[in-house]
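Residue numbers (this note's numbering), protein chains in the order written: chain A, 96 to 192; chain B, 6 to 552.
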Amino acid sequence: MHEENSKHNHHIGYGTYVLVWLALLAFTSITVTVAGVSLGEYTLFVALSIAAIKSALVINIFMHIKFDEKIFKVFLLISGFTLLVIFILTFFDFIYR
Amino acid sequence: MANGTTTVNEKSFYQQSTNKYSGILSWLLTTDHKRIGIMYGVTILFFFLVGVILGVLMRLELMAPGKTIVDAQTYNSLFTLHGVIMIFLFIIPGLPAIFGNFFLPIQIGARDVAFPRLNLLSYYIYVAGALLALLAVILPGGAIDTGWTFYIPYSIRSNTNVSLPLLAAFVLGFSSILTGLNFITTVHRMRAPGMTFFKMPLFVWATYATAWIQIIATPVIGITIVLVILERLFGVGIFDPALGGDPILFQHLFWIYSHPAVYIMILPAMGVVSEIIPTFARRTIFGYKAIAISSLAIAFVGYLVWAHHMFTSGMSDTARWIFSLLTFIVALPSGVKIFNWVATMYKGSIDPKPPFLWVMSFIFLFSIGGLTGLVLGSLATDIHVHDTYFVVAHFHFVMFGGTGTIFFAAIHYWFPKMFGRLYNDKLATLGVLGFFIGFMLLYFPKFIMGYMGMPRRYYDYLPEFASLQLISTIGSWVLAATIFFIVGYLIHALFKGPKAGSNPWGGVTLEWHIQSPPTMENFKEIPKITHEPYDFSQLKEMKNEYS
Ligand code: HEM
Ligand SMILES: [Cu+2]
Chain A
96 MHEENSKHNH
106 HIGYGTYVLV
116 WLALLAFTSI
126 TVTVAGVSLG
136 EYTLFVALSI
146 AAIKSALVIN
156 IFMHIKFDEK
166 IFKVFLLISG
176 FTLLVIFILT
186 FFDFIYR
Chain B
6 MANGTTTVNE
16 KSFYQQSTNK
26 YSGILSWLLT
36 TDHKRIGIMY
46 GVTILFFFLV
56 GVILGVLMRL
66 ELMAPGKTIV
76 DAQTYNSLFT
86 LHGVIMIFLF
96 IIPGLPAIFG
106 NFFLPIQIGA
116 RDVAFPRLNL
126 LSYYIYVAGA
136 LLALLAVILP
146 GGAIDTGWTF
156 YIPYSIRSNT
166 NVSLPLLAAF
176 VLGFSSILTG
186 LNFITTVHRM
196 RAPGMTFFKM
206 PLFVWATYAT
216 AWIQIIATPV
226 IGITIVLVIL
236 ERLFGVGIFD
246 PALGGDPILF
256 QHLFWIYSHP
266 AVYIMILPAM
276 GVVSEIIPTF
286 ARRTIFGYKA
296 IAISSLAIAF
306 VGYLVWAHHM
316 FTSGMSDTAR
326 WIFSLLTFIV
336 ALPSGVKIFN
346 WVATMYKGSI
356 DPKPPFLWVM
366 SFIFLFSIGG
376 LTGLVLGSLA
386 TDIHVHDTYF
396 VVAHFHFVMF
406 GGTGTIFFAA
416 IHYWFPKMFG
426 RLYNDKLATL
436 GVLGFFIGFM
446 LLYFPKFIMG
456 YMGMPRRYYD
466 YLPEFASLQL
476 ISTIGSWVLA
486 ATIFFIVGYL
496 IHALFKGPKA
506 GSNPWGGVTL
516 EWHIQSPPTM
526 ENFKEIPKIT
536 HEPYDFSQLK
546 EMKNEYS
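Dropping the structure here:
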């Protein structure tokens with residue numbers, strides 16, 4: 096697998112990796128801080144947005160999806176879409192309970 | 006379709022090993038998808054029979070009111086183990102792991118799956134998960150008594166061994182995910198030249214759609230299980246209301262996996278039905294594309310209905326009517342399939358051999374299961390029958406009458422190809438009959454008792470249920486005896502049955518073009534696909550290919 100993919104891999108420098116890692120750490124501390132602040136109905140929205148940004152970073156950079164073939168992106172999109180639908184449906188219980 | 010793919014009487018895959026060993030090691034370390042399929046077959050059949058015995062024990066307890074053979078606590082463990090074994094060790098892996106492994110590569114003209122070693126690893130992960138589940142029964146503390154649904158808060162409070170069987174389900178999930186991954190890659194990368202998506206047999210389509218559910222849904226149960234274990238071990242308050250958690254969240258997460266999982270069970274079965282009906286009606290399948298696409302549709306809409314298991318859980322009213330509505334919509338793609346199957350048989354020249362009879366039995370039992378599902382899916386009626394025997398009857402009809410019946414159909418359909426032997430048709434017809442009678446006696450009374458108010462998961466009952474309970478127990482004897490009878494004549498046929506030719510039923514998908522049992526790499530030359538998958542005009546040319 097690795098040999099095959101590395102052909103079309105754009106090289107990512109260590110610098111980028113460290114930067115992304117720092118960004119992830121920063122977002123994690125924001126999550127923790129925000130958890131202590133009362134944001135009312137926005138709490139969930141903020142937490143989910145931060146989580147979404149973090150996953151986007153991990154998936155694109157660490158997991159190389161940004162530089163991979165289109166089919167992988169399609170597959171990922173299908174899974175992501177399913178997840179979104181599941182979230183929305185769960186909220187019909189959570190919000191109206 | 007297959008020109009000069011193989012000649013008869015070459016060494017079969019039983020006589021040729023993929024590794025340097027012979028004997029038992031040539032099996033345990035094999036990477037041949039067919040041998041792995043058979044190893045799964047032996048293991049899964051074993052657990053199925055264990056599950057059947059547990060079921061019969063429960064029925065013995067319920068034969069008469071009061072304590073009969075076990076006490077209440079043991080009964081709780083019995084239905085939990087029975088449920089866990091039947092769900093996680095039999096019905097979820099059953100068809101994909103055995104018949105998917107054996108026939109998916111052959112049906113698309115490939116020599117193996119995309120990742121043969123990963124395939125073997127999946128098998129061992131399955132075995133590891135099964136052993137963990139068994140270990141939990143033996144260890145002190147007592148066998149798990151939560152029911153196979155592990156509902157919070159009881160699964161946090163129960164003093165029996167809960168964490169270990171949970172871990173077992175977690176491990177089994179990985180086996181399922183890896184198998185799904187393997188099948189998706191195989192379908193995308195390994196199809197023979199000319200085998201476009203719309204020339205693939207419908208069993209391949211169904212297994213492909215199933216693989217997607219396996220990959221996307223299984224991680225949800227994995228995470229949920231980890232959270233429950235954490236909560237048991239460290240008291241993290243995620244689900245337990247006493248710790249500030251939300252028990253309904255557990256039910257959401259559990260069913261977000263477990264509802265799609267019922268499609269992991271039934272889709273491959275529907276695929277098998279779509280193979281068997283054209284073969285025995287000698288007629289191309291009606292609405293090929295509609296059936297193929299409806300598999301994908303079912304896989305997707307299967308994600309939208311999970312909370313129909315939670316109408317009485319205390320979730321919001323809005324969620325209740327939305328999920329009830331969505332549930333009714335899911336019935337549509339399943340209806341598409343049933344109508345297409347019936348239309349295929351219309352004016353066909355039907356040959357009622359045992360595999361076909363199993364399929365007829367399936368259509369009958371599965372339709373009852375499906376229609377009673379609508380009673381459970383509509384909000385008002387579900388409140389009345391929720392957690393009663395009505396539910397127990399419903400899910401045995403869909404899972405056992407549906408997928409379980411097709412498990413037997415698939416064995417009878419592909420047995421000559423897998424083992425190169427024929428079984429006795431008369432005994433097999435008796436088998437279908439005994440199964441059907443036993444099944445109806447065992448489960449139909451449960452619909453009536455459930456409607457009368459008999460709750461599920463109780464080891465005792467009021468006197469007014471006594472006669473129906475007794476009928477049900479007698480049914481369990483007929484059914485279990487028939488199952489052992491079937492296993493018996495099949496094992497006999499394995500050693501003593503007459504030799505099978507390459508195409509005993511007159512099928513036309515690729516597996517019927519190669520010898521029985523197949524050679525190690527299935528095809529000498531990868532075939533070029535020119536025909537539609539169920540084009541029976543090929544039968545004439547196939548006669549000349551081999552005798
Ligand atoms: C001869 C075969 C079988 C017999 C006699 C049998 C009998 C039973 C009985 C008596 C119960 C408990 C009902 C209650 O007290 O609530 C039960 C539960 C159950 N059965 Fe079966 N069954 C058989 C086969 C199967 C098969 C093939 C499957 C799956 C494909 C299955 C899946 C389940 C599940 C999931 C439960 C629920 C367990 C729970 O409540 O946690 N059974 N069965
Ligand atoms: Cu469901």
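Glycine included, every Cβ here is placed at the ideal spot set by N, Cα and C.
- For the C-beta of S174(A), the chain B residues within less than 7 Å are, from N- to C-terminus, I221.
- Within 8 Å of the CB of M320(B), the CB atoms of chain A belong to D188, R192, in sequence order along the chain.
- The Cβ of H257(B) sits closer than 9 Å to at least one Cβ of chain A.
- In the DSSP assignment, N527(B) falls outside any alpha helix (DSSP H), carrying neither H nor E.
- Around the beta carbon of L83(B), 16 or more other beta carbons lie within 10 angstroms, which makes this residue buried.
- When 8 Å is used as the limit between beta carbons, L309(B) is near these residues of chain A: V180, L184, in chain order.
- Per DSSP, the beta bridge partners of R426(B) are K504(B).
- Listed along chain A, the residues sitting closer than 8 Å to A312(B) by beta-carbon distance are L184, D188.
- T36(B) carries a coil assignment under DSSP once its states are collapsed to helix, strand and coil.
- Chain-ordered listing is empty here: chain A has no CB closer than 9 Å to the CB of A197(B), the nearest sitting near 20 Å.
- Classified as buried, T35(B) has 16 or more neighbouring CB atoms from the shown chains inside 10 Å of its CB.
- Of the candidates I189(B), H399(B), F155(B), the residue whose Cα lies closest to the Cα of L379(B) is H399(B).
- Within chain A, the C-beta atoms nearer than 7 Å to that of T323(B) come from F187, Y191, in chain order.
- Not one heavy atom of ligand 1 falls within 8 Å of the beta-carbon of W326(B).
- In this structure, T487(B) and F440(B) form a Cβ contact; the two beta carbons are roughly 5 Å apart against a cut-off of 8 Å.
- Of the heavy atoms belonging to ligand 2, at least one sits nearer than 8 Å to the Cβ of W311(B).
- Annotation note: the segment 440–528 of chain B contains the following uninterrupted alpha helix (DSSP H) runs of length 4 or greater, listed N- to C-terminal: 471–501.
- Between S127(B) and Y213(B), the C-beta gap is not smaller than 9 Å, which leaves the two residues out of contact.
- With respect to chain A, the C-beta atom of F395(B) has no partner C-beta closer than 9 Å.
- T393(B) is bridged by DSSP to P460(B).
- In the structure shown, W419(B) falls within a helical segment according to DSSP collapsed to helix, strand and coil.
- In the DSSP assignment, E236(B) falls within the unbroken alpha helix (DSSP H) covering 207–239.
- DSSP places G60(B) in the helix class (H, G or I) of the three-state scheme.
- Comparing alpha-carbon positions, the option among D540(B), K25(B), A115(B), M91(B) lying closest to M195(B) turns out to be A115(B).
- For M200(B), no alpha helix (DSSP H) run applies, since DSSP gives it neither H nor E.
- In this structure, I261(B) lies away from V233(B), with their beta-carbon atoms at least 9 Å apart.
- Annotation: the continuous alpha helix (DSSP H) that includes Q256(B) extends over 252–286.
- DSSP, reduced to helix, strand and coil, places P110(B) within a helical segment of the structure shown.
- The contact set of I43(B) on chain A, defined by CB atoms closer than 9 Å, is empty, because the minimum CB distance reaches about 28 Å.
- Sequence-ordered contacts of the segment 259–280 of chain B with chain A read I261 [C-beta pairs closer than 8 Å].
- Against chain A, a Cβ distance below 7 Å from I327(B) picks out F187.
- Collapsing the DSSP output to three states places E66(B) in a helix.
- Counting along the chain, the unbroken alpha helix (DSSP H) around H87(B) starts and ends at 77–89.
- Between ligand 2 and the CB of H399(B), the shortest heavy atom gap is not smaller than 8 Å.
- Judged by DSSP in its simplified three-state form, Y26(B) adopts coil rather than helix or strand.
- Residue nearest to F361(B) within the set S321(B), G249(B), F413(B), I334(B) is F413(B) (criterion: CA-CA distance).
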